[in-house]
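Here the working numbering is used: position 2 in the sequence shown is 244, and no number is missing along the way. Ideal Cβ placement from N, Cα and C applies to all residues, glycine included. For reference, the structure discussed in these notes is given below.
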Amino acid sequence: MWCLTIRIKRNDQLHGRSLYKSLVEFLMQAKISGATVWTGVDGFGKRRRSTVHLEGLAINMPMVIEVIDEQTRLEPLLPQIKRMVNDNGIISLHEVDIF
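Structure (structure tokens):
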């Protein structure tokens, strides 16, 4: 099995809609086995710090979308996912052992 990991920020948009919601919908339509969206509490990257704190609220937190499926099902989706994420995040694909 293979793990597709997409790292973005919560406030990232695609055509006026949350990028993470657009990605999850795209993966569902592609009949991928499943995806999990994780929200981080802090982080940094090429677009600087991923969190702003206002009176106890964290805004624009880092997010990770993790998908595990067969390589033959994930690889054909990569070009579209790259277009959707664009320069807003990092996409990685690696083999995993499932127990």
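Contact annotation: E308 and T278 have beta-carbon atoms nearer than 7 Å.
Shortest Cα-Cα distance from N302 to any of Y262, H257, L246 involves Y262. For a cut-off of 8 Å, the C-beta gap from V327 to I274 is around 16 Å, too long to register as a contact. For P304, the pairing in a beta bridge is given by DSSP as K251.
Under DSSP, T278 takes part in a beta bridge, and its partners are E308. When DSSP reads this structure, H336 sits in a beta bridge with C245. F341 sits in coil when the DSSP states are folded into three classes, being neither helix nor strand.
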